[in-house]
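Okay, structure first, notes after.
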Amino acid sequence: MSNEVGLENISFSIGSFKMQDLSLDVRKGEYFVLTGHNGSGKTIIIKIITGIYRPDSGVVRLGGEIVNDIPPWKRNIGYVPQEGLLFFNRSVRDNIRFGLEVRKVDESSVVERVDRVAELLNITHLMDRPVTGLSGGERQRVALARALAFEPRVLLLDEPVSAIDENSRDELCRELRRIQRALGITVLHVAHAQREIDLVADRCGRIEAGRMQRVDVISGNP
Amino acid sequence: MICGKKPLYGKTFDILLAVPLAIYLLLIAGLTLAVFFAITPASIRQAFADNAIWDAVSLSMITTTLSTFLSVCVAIPAGYILSRHRFYGHSLADTLVDLPIVLPPLVMGLCVLLFFNTKIGLWLDRGIVEEGLFVYQPLGIILVQFIVGCAFAVRVIKSGFDSMDPAYEDMAMTLGANRWQTFYKVTLSSAAPSIMAGAVISWARIFGLFGPILLVAGTMRGRTEIMPTTIFLEVSIGRIEVALVVAAMMILISMAILIVLKRLGGRGYLL
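In order, the protein sequence lines correspond to chains H and W. At position 126 of the first sequence (counting the first as 1) the number is 129 in the numbering used here, and the numbers step up by one without a gap. At position 7 of the second sequence (counting the first as 1) the number is 819 in the numbering used here, and the numbers step up by one without a gap.
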């Protein structure tokens, strides 16, 4: 299986945090979970892959292509941060449309893709609502729909269920797994809880103090 | 009274806090109403029949609006850069931007006049047009208003950018928006209330600007006379009743502009 995301000997420092010679491969179509303690560098890895951060040294590959000098808007990556970061002055529908609008996709395709992704995430009833009144779980579903609408090659999830109530976490994790399987998309998911790993992961990498400690294969996920 | 649907515990506490507000509101309302009560129908007729008054009104409106527009055009990029980037000399730049806010207006006017006495200033003022572009000219009014108005606009608009988490801009870029699209669709649209507030405060501040304009542009009737200078001229020639009419017009125009712009969205940031 070829690698969809590849980090080779990445070094990066910000403030007192240092990451050194970190390497990571996420295979095409797999669900990879990255775990580790707070401050271990998980979010930084996600931001390096998106292009928000640029590594001090090392190579970032997407689909085999070196993307170190490619800006975030040309990487075609779907990103869902912990807090969702929905644009508060837009409705749910307009949030989901955003990635398609800036790509100047024609209106009929925009409508079709937005409807399709809303159906996939069971949020059709929320579409015309402002994002300010949504619950934590609803916000994350909308953020996920927004990240999937433009059909990215990789989906990066940064603790997507940590801001929602405990009862909804398992449900959203199962749904994430179902969606990943349905779309065949490569997912890199940052998680804290073992339960999340058990529910979604094909493989799990543990990172500590900016270094990859080990990568385990998780069996039993559908 | 204050807490909406919440039960009001410790009513005396809120009433005590409301007293200074009530006193201040009474003071403002009293002073403003005093102007209107002092006006007679005859003074209104006298003022309205004077073409110079109407020239001053239109010049005030045109220069204030143009200066506000220029101020906002400069304040948006300036506020953004000051908010998002830390560069060598950032503190100095941030302080210099505030200088027109804290400088006495007359000192600022003197600085402008002094500048137009330097070689560069003389060339800028008289290099193209012999009679001058700025000194004792309407463009001088706009320049002075812009210098003052822009400082206020930068301060307010920058605070809008400061309060916006840059993570939203990063988010927009990962969704496929380039820097320009991100700035237009996310940054500006999120900062719209503060931009509107910057425009309102800038407009309100420069509409009544008097001292530095008097120094730089003078008070030539029908040429560089604006509403504040009209009040000064009318008082100096003893036509207090006409000055009061112009003052009342300024109050009404200011209130109308504030109400309209507040309704358009600058509510949260207004003075």
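All C-beta atoms, glycine included, are put in the ideal place defined by N, C-alpha and C.
- Looking at the backbone, the Cα of Glu-1053(W) and that of Ala-850(W) are separated by about 8 Å.
- Proximity to Gly-213(H) across Ile-126(H), Thr-38(H) and Asp-118(H) peaks at Thr-38(H), based on C-alpha coordinates.
- Ranked by how close their Cα comes to the Cα of Ile-182(H), the residues Asp-24(H), Arg-144(H), Asp-72(H) and Ile-200(H) have Arg-144(H) in first place.
- Cα atoms of Val-190(H) and Val-157(H): separation of roughly 6 Å, rounded to the nearest angstrom.
- In this structure Arg-896(W) touches Phe-973(W) by the C-beta definition: roughly 7 Å separates them, less than 8 Å.
- Each of Asp-97(H), Thr-53(H) and Ser-94(H) was checked against the Cα of Tyr-82(H), and the nearest Cα belongs to Thr-53(H).
- Beta-bridge analysis with DSSP links Phe-15(H) to Met-22(H).
- Collapsing the DSSP output to three states places Asp-977(W) in coil.
- If the five residues before and after Val-884(W) are omitted, its C-beta is found closer than 8 Å to the C-beta atoms of Ala-965, Ile-969, Ile-1007, Gly-1010, Ala-1011 and Ser-1014, all from its own chain and listed in chain order.
- The beta-carbon of Val-998(W) is placed less than 9 Å from the nearest beta-carbon of chain H.
- With a minimum length of 4 residues, the unbroken runs of alpha helix (DSSP H) contained wholly in the stretch 989-1054 of chain W fall at 991-994, 1001-1019, 1023-1029 and 1039-1048.
- Sixteen is the threshold: since fewer than 16 other Cβ atoms of the shown chains lie within 10 Å of the Cβ of Trp-935(W), the residue is exposed.
- For Gln-216(H), the enclosing beta strand (DSSP E) covers residues 214-220.
- In the assembly as shown, Glu-110(H) is an exposed residue. Its beta-carbon has fewer than 16 other beta-carbons within 10 Å.
- Taking the CA atoms as reference points, Gly-87(H) sits about 21 Å from Lys-77(H).
- Within the stretch 48-62 of chain H, those residues whose Cβ lies closer than 9 Å to any Cβ of chain W are, in chain order, Lys-50, Thr-53, Gly-54 and Ile-55.
- Annotation: Leu-123(H) to Leu-179(H) spans about 10 Å, alpha carbon to alpha carbon.
- For Ile-80(H), the residues of chain W that pass the 8 Å Cβ criterion are Thr-986, in the order they occur in the chain.
- In this model, Phe-90(H) and Thr-824(W) are separated by some 41 Å (Cα to Cα).
- If you check the CB distance, Arg-57(H) and Asn-79(H) do not come in under 9 Å.
- Here Ser-165(H) is near His-195(H), since their CB atoms are less than 9 Å apart.
- Inter-segment contact for the stretch 947-961 of chain W and the stretch 1020-1039 of chain W is present: three or more beta-carbon pairs are separated by less than 8 Å.
- If one requires a minimum length of 4 residues, no alpha helix (DSSP H) run lies completely within the stretch 820-848 of chain W.
- Here Leu-922(W) has Leu-1027 as same chain residues with Cβ atoms under 7 Å from its own Cβ, once five neighbours each way along the sequence are excluded.
- Inclusion of Val-36(H) and Val-220(H) in the CB contact set at 9 Å is not warranted, their separation being larger than that value.
- Between Ala-963(W) and Pro-889(W), the gap from beta carbon to beta carbon reaches 9 Å or more.
- For Ala-1029(W), the closest Cβ of chain H is not nearer than 9 Å.
- Here the C-alpha atom of Ser-43(H) lies approximately 18 Å from the C-alpha atom of Asp-28(H).
- In the structure shown, the three-state DSSP call for Thr-907(W) is helix.
- Taking the CA atoms as reference points, Arg-1017(W) sits about 30 Å from Pro-853(W).
- In this structure, Ile-1043(W) keeps its C-beta atom at 9 Å or more from the C-beta atom of Met-1067(W).
- Taking the CA atoms as reference points, Val-941(W) sits about 21 Å from Gln-957(W).
- Under the DSSP assignment, Thr-53(H) falls outside any beta strand (DSSP E), being part of the alpha helix (DSSP H) whose first and last residues are 45-53.
- For the alpha helix (DSSP H) assignment, the uninterrupted runs of no fewer than 4 residues enclosed by the stretch 125-174 of chain H are, from N- to C-terminal side, 139-152.
- Residue range 34-38 is occupied by the beta strand (DSSP E) that includes Tyr-34(H).
- Under the 9 Å criterion on CB atoms, Asp-982(W) is classed as interfacial with respect to chain H.
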